[in-house]
Every structure is written in structure tokens, then in C-alpha cells.
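Since the structure comes first, as C-alpha cells, the remarks are kept for the end.
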Amino acid sequence: MSDVTMAEHPLSDAILDALERYFRDRPEVSLAFLFGSTARGQARAGSDLDFAILIERDAVDGFDRSQMVWDLMHLCKREDVDLVLLNRASPLMTHRVVRDGYVLFARNTRVLAEFTIRAVQSYVDTRPLRELKHRRLHQRLAAGLRAGRGHPSPTPRTTTASFGNT
22 MSDVTMAEHP LSDAILDALE RYFRDRPEVS LAFLFGSTAR GQARAGSDLD FAILIERDAV
82 DGFDRSQMVW DLMHLCKRED VDLVLLNRAS PLMTHRVVRD GYVLFARNTR VLAEFTIRAV
142 QSYVDTRPLR ELKHRRLHQR LAAGLRAGRG HPSPTPRTTT ASFGNT
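To convert, take the position in the sequence shown, counting from 1, and add 21; that gives this note's numbering.
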């Protein structure tokens, strides 16, 4: 299969304009991004469209993610749409969105700047934890290989169950 890049098959200007209007008309949306392979210009056949939004704090609990996904599918005329709620995303995810994302909508530049700063700070602050997790995973893998299992998972437990009268 050949690669299909954003330059070869971008979202049309009409769709980008419709997305900007859609997010602007939703007062709960502060920021909206397109991210992932499409935003990086590395989309392939089968790549989905990844959107990320930041919504107002008081709207998080009542937010209807499935309705917005449906709306985005309709606007983009595609079924392969994913939506990340940045209010609940990990530092790694928010960093990826800020680093690689394309800003579709920003309620104002201050909100965008503050979110970007918080995302980068959180990513940097949690780096030692990610590195520790990575080291422990490698240790478990190495221990599993030394034990001759070929993989780090523990030996499966066997259980016996009896059915009927015994």
C-alpha cells in the first residue's frame, strides 16, 4: 500500500471551516485540535481522524462525547473519527497533542498559551515516572527471558472446576 499524506489528501478548506464554526458554536469548547497522523502529514489508508478538545471545567460532567463524535463524523464525512477530552487526558497525550496537533479552534490566545504551558510542564514533571515504568518493564522482560519463558508474563494459574456431583 502506498502512503497517503496530508499534502496528497488533506481535509478540504470547506471541512476545516465547518469544523472551526462547529467548535466556535459550542460555548463549552475552549480549544480544539486535529492531531495524530493526519495532522503530521503521515496519514495512510485506514488512518483515522484524531480530534482533541478542552472544554470548560463546569461542562466536563455533562459533556456528551458520543454526540460530538457523531457530529464530527457527519462534518468530515467519515466514520473513523476519534475524540480525546483533554481535561481527562494523560500528560503524555496532552504533550502529543500540543507538539503535533493543528489548532482548529481557540476561544482565545490566552487559553491556548496557558494550556500549552501546562501540558509541557506536566509532561516534564512526569518524565521521571515514565522512565521508572520503562526501566521496570525492561527488568521484567529481562527476568522473563533469563528464566527461559521467552516472555515476562507469569506462569498461568491452573484451576480445576468440578461440575455436577463428585
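Here a beta-carbon is modelled for each residue, glycine too, at the ideal position from N, C-alpha and C. All values reported here derive from a predicted model rather than from experimental measurement.
Reduced DSSP category for residue i - H, G, I as helix; E, B as strand; rest coil
i       : result
Leu-104 : strand
Asp-71  : strand
Arg-99  : coil
Leu-40  : helix
Arg-47  : coil
Endpoints, beta strand (DSSP E) assigned at residue i
i       : result
Ser-33  : Counting along the chain, Ser-33 falls outside any beta strand (DSSP E), and DSSP gives it neither H nor E.
Ser-51  : 50-56
Ala-127 : 123-127
Buried or exposed by the 16-neighbour rule on C-beta atoms within 10 Å, applied to residue i
i       : result
Thr-130 : exposed
Asp-38  : exposed
Ser-87  : exposed
His-116 : buried
Leu-166 : exposed
Ile-40  : Residue identity differs from the one stated: residue 40 is Leu in this sequence, not Ile. Buried, by the Cβ-count rule.
Assumed close pair residue i, residue j - CB separation to whole angstroms, cut-off 8 Å
i       : j       : result
Leu-93  : Val-102 : 5 Å
Phe-72  : Tyr-123 : The Cβ separation is near 10 Å, so there is no contact.
Val-119 : Thr-147 : About 14 Å separates the two Cβ atoms, so there is no contact after all.
Ser-51  : Thr-59  : Wrong, their Cβ atoms sit about 22 Å apart, outside the cutoff.
Contacts around residue i, its chain only, beta-carbon distance under 7 Å, and the 5 residues preceding and following it disregarded
i       : result
Arg-45  : Phe-126
Ile-36  : Leu-96, Cys-97
Arg-99  : Leu-70
Ala-140 : Thr-115, His-116, Val-119
First and last residue of the uninterrupted alpha helix (DSSP H) at residue i
i       : result
Phe-84  : Careful: Phe-84 lies outside any alpha helix (DSSP H) and carries neither H nor E.
Ala-163 : 148-167
Nonlocal neighbours in the same chain, by C-beta distance under 8 Å from residue i, ignoring five residues either side
i       : result
Phe-84  : Glu-49, Ile-76, Leu-106
Ala-110 : Ala-73, Val-118
Neighbourhood of residue i by C-beta distance below 6 Å, restricted to the same chain and skipping five residues each side
i      : result
Phe-56 : Asp-71, Ala-73, Val-118, Asp-121, Gly-122
Cβ-heavy atom distance, residue i to the ligand GDP, below 7 Å
i      : result
His-95 : Inclusion of the ligand GDP in the displayed structure is not the case, the ligand content being empty and no account of it being possible.
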